[in-house]
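Participant:
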Amino acid sequence: MDHILSGIKPTGQLTLGNYIGAIRNFVKVQKEGDTFLFVADLHALTLPIEPETLKNNSRDLVAFYLAAGLDPKTATIFLQSDVPDHSELAIILQNYLYMGELSRMTQFKDKSSKMKEEAIGLGLFAYPVLMAADIVIYDSKRIPVGEDQVQHVELARDLVKRFNNRYGDILIMPKAEMVKVGARIMSLSDPTKKMSKSDPKGDIYLKDDIKVIRKKIMSAVTDMLAKVHYDPVNQPGISNLMTILSSLTGKSFDEIEKEFDGKGYGDFKRAVADVVCEEISKLQARYNEIINSGLVDEVLAEGAKKASVIASATLKRVQKAIGLYHK
Ligand code: AQP
488 MDHILSGIKP TGQLTLGNYI GAIRNFVKVQ KEGDTFLFVA DLHALTLPIE
538 PETLKNNSRD LVAFYLAAGL DPKTATIFLQ SDVPDHSELA IILQNYLYMG
588 ELSRMTQFKD KSSKMKEEAI GLGLFAYPVL MAADIVIYDS KRIPVGEDQV
638 QHVELARDLV KRFNNRYGDI LIMPKAEMVK VGARIMSLSD PTKKMSKSDP
688 KGDIYLKDDI KVIRKKIMSA VTDMLAKVHY DPVNQPGISN LMTILSSLTG
738 KSFDEIEKEF DGKGYGDFKR AVADVVCEEI SKLQARYNEI INSGLVDEVL
788 AEGAKKASVI ASATLKRVQK AIGLYHK
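Throughout, the numbering used here is defined as the position within the sequence shown, counted from one, plus 487.
#1: I'd like to confirm something about ASN727: is its beta-carbon nearer than 7 Å to some heavy atom of the ligand AQP, or not?
#2: Is LYS496 near the ligand AQP - that is, is its Cβ less than 7 Å away from at least one heavy atom of it?
#3: State buried or exposed for TYR812, treating a residue as buried only when at least 16 other CB atoms are found within 10 Å of its CB.
#4: Quick check on the burial criterion: 16 or more other C-beta atoms within 10 angstroms. Buried or exposed for LYS684?
#5: Between VAL668, ILE536, MET618, which has its C-alpha nearest SER574's C-alpha?
#6: Please list the terminal residues of the continuous alpha helix (DSSP H) segment that includes ARG546.
#7: Could you say if the stretch 750-760 and the stretch 675-691 meet the contact criterion of at least three C-beta pairs nearer than 8 Å?
#8: Taking the C-alpha atoms as reference points, what is the distance between ILE624 and ILE491?
#9: Below 6 Å CB to CB, which residues in the same chain sit around ILE778 once its five sequence neighbours on both sides are set aside?
#10: With DSSP as the reference, identify every bridge partner of THR563, one or two as the case may be.
#11: If we count the other Cβ atoms within 10 Å of its Cβ and call it buried at 16 or more, is TYR506 buried or exposed?
#12: Give the straight-line distance between the Cα atoms of LYS518 and THR561, rounded to the nearest whole angstrom.
#13: The ligand AQP heavy atoms versus the CB of ILE691: any closer than 7 Å?
#14: Tell me, to the nearest whole angstrom, how far the beta carbon of GLY790 is from that of PRO559; I am working on the premise that it is less than 8 Å.
#15: Among LYS756, PHE650, LYS681, which one has its Cα closest to the Cα of ILE725?
#16: For GLY587, is the classification buried or exposed, using 16 other Cβ atoms within 10 angstroms of its Cβ as the cut-off for buried?
#17: Quick one: what's ALA663 bridged to in DSSP?
#18: For GLN806, which residues from the same chain have a beta carbon less than 6 Å from its beta carbon, with the 5 sequence-adjacent residues on both sides left out?
#19: Is any beta-carbon of chain C found at less than 8 Å from that of ALA531?
#20: For ILE657, which of GLY504, SER493, ILE510, LEU802 has the nearest alpha-carbon?
#21: Is it buried or exposed, MET729, if we count other Cβ atoms within 10 angstroms and call 16 or more buried?
#22: Whole angstroms are fine: how far does the CA of ILE495 sit from the CA of ASN512?
#23: Cβ of ARG804 versus every heavy atom of the ligand AQP: is any distance shorter than 7 Å?
#24: Is GLY508 helix, strand or coil by DSSP?
#25: Just reading off the beta strand (DSSP E) that SER568 is part of, what are its end residues?
#26: At a threshold of 7 Å, does LYS667 count as lining the ligand AQP (C-beta to nearest heavy atom)?
#27: Using the rule of at least 16 other Cβ atoms within 10 Å of the residue's Cβ for burial, across every protein chain shown, is TYR614 buried or exposed?
#28: Which same chain residues end up closer than 6 Å to TYR479 when comparing Cβ atoms and leaving out the 5 residues on each side of it in sequence?
#29: Using a Cβ-based criterion (distance less than 7 Å to any ligand heavy atom), does GLY633 qualify as near the ligand AQP?
#30: Measuring alpha carbon to alpha carbon, tell me which of VAL616, LYS698, PRO723, VAL526 ends up nearest GLN581.
#31: Hey, could you find the ends of the alpha helix (DSSP H) ILE622 is sitting in?
#32: DSSP three-state label for HIS530, please.
#33: Under 7 Å: does the beta carbon of ASP489 sit that close to some heavy atom of the ligand AQP?
#34: Measure from the alpha carbon of VAL516 to the alpha carbon of each residue in MET488, ALA794, TYR717, then state which is nearest.
#35: Is MET682 close to the ligand AQP? I mean its beta-carbon at under 7 Å from any heavy atom of the ligand.
Structural data, given as structure tokens:
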């Protein structure tokens with residue numbers, strides 16, 4: 488059975504983008520292989536975050552994983568920091584990725600461009616090294632991610648090639664996979680930008696009040712063309728709403744265009760809001776049952792145990808291959 492791995496950073500409130508581009512896909516793929524889903528709490532430290540916020544976001548993330556339908560009997564759910572082997576492997580792997588390639592990463596360029604140079608942490612720069620360790624430590628072949636993370640998986644592939652060329656077939660080659668529709672949900676207030684946890688403008692949060700979600704969708708930026716048509720270049724706002732509707736209902740863009748032919752944007756937005764609000768209401772109801780039930784702690788304790796078995800075996804294999812004494 489292939490190993491499948493993914494994670495989410497507990498940097499902020501989960502967005503509809505994280506849900507459509509990542510979490511719903513995790514639920515779908517969990518039965519297709521041995522699935523490892525982690526809370527990337529060490530990655531969350533790459534930008535300043537308060538200790539209480541980090542803790543609460545991490546719990547929330549697990550509760551939403553479970554609320555969305557991830558089954559801890561099928562998928563191994565754990566905190567990255569509960570398996571220290573990730574960090575040890577990253578220390579080794581950092582020697583097989585280079586400054587030039589790390590500085591070309593879009594996420595690093597985007598995030599660091601908003602900071603003063605003296606405030607850019609080494610962790611932000613080296614983020615893809617730890618991510619490569621997260622991936623290879625579980626012998627992961629399939630990496631379900633949103634579009635923005637594909638570049639980091641490609642870098643992990645380069646690393647595996649480089650490492651195996653030197654030491655033999657030690658690491659498994661991973662491959663990114665994305666949902667067909669919804670791998671990049673855009674901001675509702677600026678549909679040329681990705682909906683992102685750390686950039687609250689135009690986000691729909693999974694914890695938002697349902698009335699607020701409806702209001703955000705009804706005031707989403709559209710255009711003057713008055714036609715529900717999929718054209719991300721000329722109608723980015725409408726195309727983004729169509730993407731959201733299509734991914735949650737399974738309707739194709741053609742079907743949506745036909746359904747709203749001759750109707751106004753108000754009707755279209757109301758239909759999108761109905762679908763999104765219904766989906767998130769159900770999710771919130773399950774989240775509310777889980778968050779204070781003790782289930783989160785149980786799942787994390789069990790998950791860390793299971794994950795550690797595989798992680799320590801891979802770490803040993805790597806240590807032995809590179810000549811660390813007595814491993
Ligand atoms: N807008 C999005 N549309 C589709 N997928 C998305 N993802 C994120 N935003 C969208 C996917 O969600 C997973 C978890 O993301 P992450 O926590 O690793 O961080 P990210 O990719 O940088 O996402 P954010 O929400 O923008 O987080 P911050 O603001 O903390 O950097 C990934 O699979 C991602 O592709």
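Note that beta-carbon positions come from the ideal geometry of N, C-alpha and C, so glycine has one too.
Facilitator: Judging by the given coordinates:
#1: Working through the sequence shown from its first residue, we reach residue 727 at position 240. ASN727 Cβ: outside cutoff for every heavy atom of the ligand AQP.
#2: Within the sequence shown, residue 496 is the residue found at index 9, counting from 1. At least one heavy atom of the ligand AQP is nearer than 7 Å to the Cβ of LYS496, so yes.
#3: Position 325 of the sequence shown, counted from the start, is the residue given in the question as residue 812. In this structure TYR812 is exposed. Its beta-carbon is surrounded by fewer than 16 other beta-carbon atoms within 10 angstroms.
#4: Here the question's residue 684 lines up with position 197 in the sequence shown. Buried.
#5: By one-based count along the sequence shown, residue 574 stands at place 87. Looking only at VAL668, ILE536, MET618, the smallest Cα-Cα distance to SER574 is reached by MET618.
#6: As a first step, residue 546 must be located in the sequence shown, where it is residue number 59. Where ARG546 is concerned, the enclosing alpha helix (DSSP H) stretches over 538-555.
#7: The stretch 750-760 vs the stretch 675-691: no contact.
#8: As a position in the sequence shown, residue 624 is number 137, starting the count at 1. As a position in the sequence shown, residue 491 is number 4, starting the count at 1. ILE624 and ILE491 have their C-alpha atoms spaced approximately 12 Å apart.
#9: Taking the first residue of the sequence shown as position 1, residue 778 is located at position 291. Closer than 6 Å at the Cβ level, and outside the excluded window around ILE778, lie ALA550.
#10: Looking up residue 563 in the sequence shown gives position 76. PHE523, per the DSSP bridge assignment.
#11: By one-based count along the sequence shown, residue 506 stands at place 19. Its Cβ being crowded by 16 or more others within 10 Å, TYR506 is buried.
#12: By 1-based counting over the sequence shown, the position of residue 518 is 31. By 1-based counting over the sequence shown, the position of residue 561 is 74. Taking the straight line joining both Cα atoms gives about 7 Å.
#13: Looking up residue 691 in the sequence shown gives position 204. No, since every heavy atom of the ligand AQP falls outside the 7 Å radius drawn around the Cβ of ILE691.
#14: Position 303 of the sequence shown, counting from 1, holds the residue named residue 790. Position 72 of the sequence shown, counting from 1, holds the residue named residue 559. Confirmed, about 7 Å.
#15: On the sequence shown, residue 725 is found 238 positions in, with the first residue counted as 1. If you compare the alpha carbons of LYS756, PHE650, LYS681 with that of ILE725, the shortest gap goes to LYS756.
#16: Reading the sequence shown from its first residue, position 100 is the one you call residue 587. Sixteen is the threshold: since fewer than 16 other Cβ atoms of the shown chains lie within 10 Å of the Cβ of GLY587, the residue is exposed.
#17: Your numbering for residue 663 matches position 176 in the sequence shown. In DSSP, ALA663 forms a bridge with ILE630.
#18: Within the sequence shown, residue 806 is the residue found at index 319, counting from 1. The answer, listed in chain order, is LYS814.
#19: Included in the structure is just one protein chain, with no chain C present.
#20: Residue numbering aside, residue 657 sits at position 170 when the sequence shown is read from its first letter. Here the closest residue by C-alpha is LEU802.
#21: On the sequence shown, position 242 is the one that residue 729 refers to. Buried, by the Cβ-count rule.
#22: Position 25 of the sequence shown, counting from 1, holds the residue named residue 512. Position 8 of the sequence shown, counting from 1, holds the residue named residue 495. Rounded to whole angstroms, ASN512 to ILE495 spans 13 Å at the Cα level.
#23: For the purposes of this step, residue 804 is taken as residue 317 along the sequence shown, with counting starting at 1. A distance criterion of 7 Å places the beta-carbon of ARG804 beyond contact range of the ligand AQP, judged by its closest non-hydrogen atom.
#24: Residue numbering aside, residue 508 sits at position 21 when the sequence shown is read from its first letter. Helix at GLY508.
#25: Taking the sequence shown and counting its residues from 1, the one referred to as residue 568 is at position 81. Here SER568 belongs to no beta strand (DSSP E), and DSSP marks it neither H nor E.
#26: Counting from one through the sequence shown, the residue named residue 667 turns up at place 180. False, no ligand heavy atom lies under 7 Å from that Cβ.
#27: Working through the sequence shown from its first residue, we reach residue 614 at position 127. Buried is the call here.
#28: Since the first residue shown for the chain is 488 and the last is 814, residue 479 is missing from the structure and cannot be characterised.
#29: In the sequence shown, counting from the first residue as 1, residue 633 sits at position 146. With a cutoff of 7 Å, GLY633 counts as near the ligand AQP, since its C-beta is closer than that to a heavy atom of the ligand.
#30: Counted from its first residue, the sequence shown places residue 581 at position 94. That would be VAL616, whose Cα lies nearest to the Cα of GLN581.
#31: Looking up residue 622 in the sequence shown gives position 135. The continuous alpha helix (DSSP H) containing ILE622 extends over residues 614-623.
#32: If you number the sequence shown from 1, residue 530 lands on position 43. In the structure shown, HIS530 sits in a helix (DSSP, three-state: H, G or I).
#33: For the purposes of this step, residue 489 is taken as the residue at position 2 of the sequence shown. Not under cutoff, so the answer is no.
#34: As a first step, residue 516 must be located in the sequence shown, where it is residue number 29. Taking only the C-alpha atoms, the option nearest VAL516 is MET488.
#35: Residue 682 sits at position 195 when you count from the first residue of the sequence shown. The answer is yes for MET682.
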